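Chemist: Just so you know, the protein sequences line up as chains A and B, in that order. So the first sequence is numbered by this note's numbering: it starts at 192 and just counts up by one. So the second sequence is numbered by this note's numbering: it starts at 243 and just counts up by one.
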Amino acid sequence: MDKYFALVLIVALPFAASLMLAVFTRISRDMSAWITMGVALVGLVMALFLYPQITEGQVLARKFEWIPSIGLDVIVRMDGFTWLFTVLVTGIGALVALYARYYMSPEDPVRRFFSFLLAFMGAMLGTILSGNVIQLVIFWEITGLFSFLLIGYWYHNAAARDGARMALTITAAGGLALMAGMLLLGHVAGSYELDKIVEAGTAIRDNGLYHVALVLILLGALTKSAQFPFQFWLPNAMAAPTPVSAYLHSATMVKLGVFLLVLLWPVMSGTDIWFWVVGSAGLITFVIGAYSAIFQQDLKGLLAYSTISHLGLITLLLGIGSPLAAVAAVFHIVNHATFKASLFMAAGIIDHETGTRDLRRLSGLFKYMPITATAAMVASAAMAGVPLLNGFLSKEMFFAETVETHTGSLLDQSLPYFATLGGLFSVVYSIRFIHGVFFGPAPVDLPHQPHEPPRWMRVPIELLVLMCLIVGIIPGLTIGPFLHTAVLAVLGEQTPYYSLSVWHGFTLPLLMSIIALVGGIVVYFAIRRLAMTMDGPPVVRHLKGQRIFERIMVAISWRLANRLEGVLGTRRLQPQISLLILTVLAAGFAVTTRFDLQGFALPSIEFDLPFTIIWIVGAGCAVGAAHQAKYHRFVALVLMSGAGLVTVMTFAWFSAPDLAITQLLVEIVTTVLILLGLRWMPLRVPDIYKDFHWPVEVKIRRSRDFLIAVVSGISIAVIAFFILTRDVADTVGTAFLELAYPEGGGTNVVNVILVDFRGFDTFGEIVVLAIVALSVFALLRRFRPAPESMERPEQQRRIIERYGRSHDLDGDATGGRYTATAGLIMHWMFPVIIVLAAYLFFRGHDLPGGGFAAGIAMSIAFLVQYMAGGTRWVEERLRVLPVRWISFGLLIAMLTGMAAWTFDYPFLTSYFQYTEIPYIGKVPTASALFFDLGVFVLVVGATVLMLVAIAHQSIRRPKVRRSDAEDEENGVQAGEEDA
Amino acid sequence: MELVLAIGIGVLAGSGVWLLLRPRSFQVIIGLSLLSYAVNLFIFAMGRLGTGLPPVVDPAAPIDPTAFTDPLPQALVLTAIVIGFGMTALFLVVLIVSRGLTGTDHVDGREPEQ
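Printed below as a string of structure tokens:
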């Protein structure tokens, strides 16, 4: 297998499997666990197989173009350090999957769980194997999202929801800061590629933006790794199922923060600010985390604080800034992952088999579950740093580093004491975990009778504990070479000499270890009773990071939001529209006042009498419509159409025949549409304020609106006039004119632009039209008009009075009694209009016309039939099926576009040639014609669908206010009627 | 002619804006239509005015760009006309439905407190 392909597969496979689990509902509970485990194992095997490619500081990287114009590529990249992380993520991932198979209850939606877990694994691997820092941040945020979903997996549980939300808020906010930091970093380095950034290390540290970038990146790293002062989200995330805690909150996701610090260590470290910020955050977290862990009553809470503390230790090591400390940090990352994952799993088993995680209720479990207890004891001992276990080795290295004097500052000198103190605390909580749970009197009153878990549930713990032991006893033979590869990848030439031997002789670090161990045992037995009764750690519990977080959340998302809504928000439309128009006006003024008007002379004005008369009429219509729209809707509609006709004439006047045709046809349809709607509007009588005695506020409101309207009108007129009287530069229109025939095969340039040059826009547009038509249809399906507008229109009533009920227009076929002559003519027009539509369509490519105009003309043919014969009459004789027209239109347009693919051209590339048709001669046939056919068919369908939907309102049964049950019955009938 | 058209566009737009600010939804529909006329004409006019120069080329003759009006604004406006029609239709239906549901044709879906 190609090595690069394997690299991509490691990241892609978990996502693919996640999608599969999400989609296929038939996959069983067991199957999903096996798939997850299999995917993790495949990743692990591929990583192992890639190992020879990344030893001795080699880097395996493959670039895929993403957005080359701004220098962004997707890069999969693996070096010794990220290899180690990949092995951790896949290896522990496989064990967690096996464990979760037994842990998750049959009632839980397990498929979803594993789907999330796989996606999380993919995101983790994506982050680790990113060779581009932007790509890294994207995957980083994806881990946060899936961590949110996993913590909130039991979403019926309020604690899970809150914990998930808090974790997401904090880590995602950190991720945003990280994004900004990475952008700065890439800006300074001149590239977003990790390798180039590492090369530019010195330049970056000398740059003035270094401090800003560092703070932003640290915000991302410290939030993700739950470092002080952001540590409080991690204990709250313990509401997650235990496999999630074991995987995300000990071994993998929280390690991303320190992972990033290691990755950028060669670039960012070695400065004072790095030492102070990273070092002190790490130290505080290390000590306070360990101290708080002692006083937890929840098993997982204890482990969570212990994780915080150990992450603090790693951060502190990285903050120290010496190469040896970095080696210790990388080593401890691996060690901590092994013992902490196994401890979480043990805690999960205890919870699973006894029904509680409360340390005050648990005791004496050793005799019920001896194997689990032994494994947990070994892991705890590793956590406490007992010799011959892996935790001891890295802790010893840590102690050794704190003793070394680096800068001579106060922080530096006090480090050994704080380190020993933190070590002592971790011994105390480790003993509390073991002694409290497994020893002492037999437990009383537990929810379940405790016993050993199923065989295979224990296997992951046993394997991990075995690793703690082997690494602890023969480190040089096991972890040694891999650690060396990893360290070499990070430190390169700076790689120091270090020894992994268990015995270094009697040294100061050993003395510190002994003090911590002995002191820890003494302290435990001294405060044992106290710890049981404490409600949270003394003194430190007053550090209310969580309380502050919650206050901020309430202040921002509730109080501030409410206040802003009160100040800025309104439910009323009119103020919003005024604000919108005023903003546009202000922006327009701001821009236009900057124009250079020097040397601009008013041109001589050509006067054209007919055109002026047309526009006097047009302006009159517009003002009249504005005046009449409130009380005389019909008059307003007619006047509006008058203004529309003037627009049509203007288009025709100034050489835009296509626009004139289309506008004219649309005008007809719009008018009919609004006419159909008029019936459903309420009666409005002038005037509630008699004889212009309007209240003052009405006067003010109207004058203000009038002013806005006048200013808008004048502004537009002025701008239009200025532009119209200036010469135009050479536009893209020239190119369109020149290319229309040679490349588009049509002489009507407007049509060629629509169906060829800008075909994709047109495609989008007909989709919009289809959506609008379907929305209209859907809205009107269940709608009943207001009861008071259900009365028959006066004309219909008169017909019924004269001819009797059998001539009811709505219900009867004979219909148009009072429009008999006109009706007959309208029926006869049907074929004529269709011919007109066909004519418009076929000439479209070369002469004014085209799909839009033809489609609307065609729909007018149907429309006229409805007007002449009534809804029922038409539908008994003609099956229109507009929805089918819409779908076929869309299909034709899309297939025409896709046909270009078969010739290896982009979507909608057009093709044309001349076809020899007997007796007619040479005919240009362009693929654009088929596209235009799609447009035509869709426009017919959409227009007819809208008209029919509104017309159908008339033949609906009136809605009289009845009981709800009957209303529902009505709804059902309406559904049938439409079907 | 430029002046006449500019004033015409201004009157259409002003009437449209006035109606947009009115409380009854039918007024807003008419206002939107008037405003679309104004905007369409405005965009169209950006290609400058010319009589008797429709952008229909003769394949046999060489292309002289000054002999035709700019086809691009026309293509844009053609699209805008059709979309405007869809918008009017949708808005009309929303009006009818909202009137049926709330019993008022006020744009806020309820009568203002007097």
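Ideal Cβ positions, reconstructed from N, Cα and C, are used throughout, including at glycine. No experiment lies behind these values; they were computed from the predicted model shown.
(1) How big is the Cα-Cα spacing for H347 of chain A and P632 of chain A?
(2) So if DSSP puts N939 of chain A in a beta bridge, which residue, or which two residues, is it bridged to?
(3) So, at 8 Å on beta carbons, what are the nonlocal neighbours of S704 of chain A in its own chain, with the 5 sequence-adjacent residues on each side left out?
(4) How close, in whole Å, do the beta carbons of A1142 of chain A and I272 of chain B come, if the pair is a contact with beta carbons under 8 Å?
(5) Under 8 Å Cβ-Cβ, which residues of chain A neighbour I251 of chain B?
(6) Pop quiz: T311 of chain B and P297 of chain B are said to be a contact at Cβ under 8 Å. What is the actual Cβ separation, rounded to whole angstroms?
(7) State whether the region 636-644 of chain A contacts the region 208-220 of chain A, with contact taken as three or more CB pairs (one from each stretch) at a distance under 8 Å.
(8) For S1101 of chain A, which of helix, strand or coil comes out of DSSP?
(9) Report the residue from A:T246, A:M1137, A:G1132, A:V1135 whose alpha carbon sits nearest the alpha carbon of L674 of chain A.
(10) Taking 8 Å as the CB-CB cut-off, is E244 of chain B touching chain A?
(11) Along chain B, in chain order, which residues have C-beta atoms closer than 7 Å to that of F1033 of chain A?
(12) Which residues in chain A have a C-beta closer than 7 Å to the C-beta of A287 of chain B? List them in chain order.
(13) Return the CA-CA distance between Q488 of chain A and G365 of chain A, expressed in angstroms with no decimal places.
(14) What are the residues of the region 843-859 of chain A that lie near chain D, defined by any Cβ-Cβ distance shorter than 8 Å?
(15) What three-state label does DSSP hand S321 of chain A in the structure shown?
(16) Could you check what DSSP says for H348 of chain B in three-state terms: helix, strand or coil?
(17) What separation, rounded to the nearest whole angstrom, lies between the Cα atoms of D1003 of chain A and P1022 of chain A?
(18) Verify the CB distance criterion: does L247 of chain B have a CB-CB separation below 8 Å to chain A?
(19) Spell out the partners DSSP gives E256 of chain A in its beta bridges.
(20) So the alpha helix (DSSP H) H818 of chain A belongs to, where does it begin and stop?
(21) May I have the straight-line CA-CA distance separating L493 of chain A from S571 of chain A, to the nearest angstrom?
(22) Take I499 of chain A as the anchor and find which of A:S338, A:G512, A:A528, A:F522 has the nearest alpha-carbon.
(23) I'd like the list of long-range same chain contacts for F842 of chain A, defined as Cβ closer than 7 Å, with 5 residues on each side in sequence excluded.
(24) When we look at the beta-carbon of R341 of chain B and count the other beta-carbons within 10 Å, is it buried (16 or more) or exposed?
(25) Based on the DSSP secondary-structure assignment, which residues constitute the bridge partners of M269 of chain A?
(26) Kindly indicate the opening and closing residues of the alpha helix (DSSP H) around K531 of chain A.
(27) The alpha helix (DSSP H) with S725 of chain A in it runs from where to where?
(28) Could you tell me which chain A residues have their CB closer than 7 Å to the CB of L274 of chain B, listed as they occur along the chain?
(29) So, helix, strand or coil for D918 of chain A, using DSSP?
(30) Which chain A residues sit within Cβ distance under 7 Å of A303 of chain B?
(31) Please confirm if P873 of chain A has its CB atom under 8 Å from at least one CB of chain B.
(32) For the alpha helix (DSSP H) containing I747 of chain A, name the first residue and the last one.
(33) What number of angstroms, rounded off, separates the C-alpha of Y689 of chain A from the C-alpha of L452 of chain A?
(34) With a threshold of 8 Å between beta carbons, is N939 of chain A in contact with chain B?
(35) Go ahead and pull the three-state DSSP assignment for E384 of chain A.
(36) From this set, A:E592, A:D270, A:Y290, A:P420, which residue's C-alpha is nearest R738 of chain A's C-alpha?
Modeler: On the basis of the data shown:
(1) The alpha-carbon atoms of H347 of chain A and P632 of chain A are separated by roughly 36 Å.
(2) B:V298
(3) G576, P578, F583, K586, E587, F590, G614
(4) Here A1142 of chain A is actually not in contact with I272 of chain B; their C-beta atoms are around 21 Å apart, not less than 8 Å.
(5) I907, A908, A911
(6) With 8 Å as the limit, T311 of chain B and P297 of chain B qualify as a contact, their Cβ atoms being about 6 Å apart.
(7) no
(8) coil
(9) A:T246
(10) yes
(11) Ordered by position in chain B, no residue passes the 7 Å Cβ test against F1033 of chain A, which lies about 15 Å from the chain.
(12) A911, L915
(13) 30 Å
(14) In the structure shown, chain D does not exist; the protein chains are A and B.
(15) strand
(16) H348 of chain B: strand per DSSP, three-state reduction.
(17) The predicted position of D1003 of chain A is uncertain, since its pLDDT is 44 and thus under 50; a value taken from the coordinates is nonetheless stated next. The alpha-carbon of D1003 of chain A is positioned some 25 Å away from that of P1022 of chain A.
(18) yes
(19) Paired residues: A:D264.
(20) 800-819
(21) The alpha-carbon atoms of L493 of chain A and S571 of chain A are separated by roughly 12 Å.
(22) Per the Cα distances, A:A528.
(23) L850, A851, Q854
(24) buried
(25) A:L251
(26) 514-545
(27) According to the sequence displayed, residue 725 of chain A carries Met and not Ser. Taken as a continuous stretch (DSSP letters only), M725 of chain A belongs to no alpha helix (DSSP H), as it is neither H nor E.
(28) Within 7 Å Cβ-Cβ: nothing; L274 of chain B doesn't reach chain A, min ~10 Å.
(29) coil
(30) Under the 7 Å cutoff, chain A gives no residues; its nearest Cβ is about 10 Å from A303 of chain B.
(31) True, the Cβ-Cβ gap to chain B drops below 8 Å.
(32) Where I747 of chain A is concerned, there is no enclosing alpha helix (DSSP H), given that its DSSP letter is neither H nor E.
(33) 21 Å
(34) For N939 of chain A, the answer is yes, since a Cβ of chain B falls inside 8 Å of its Cβ.
(35) DSSP places E384 of chain A within a strand segment (E or B) once states are collapsed to three.
(36) A:P420
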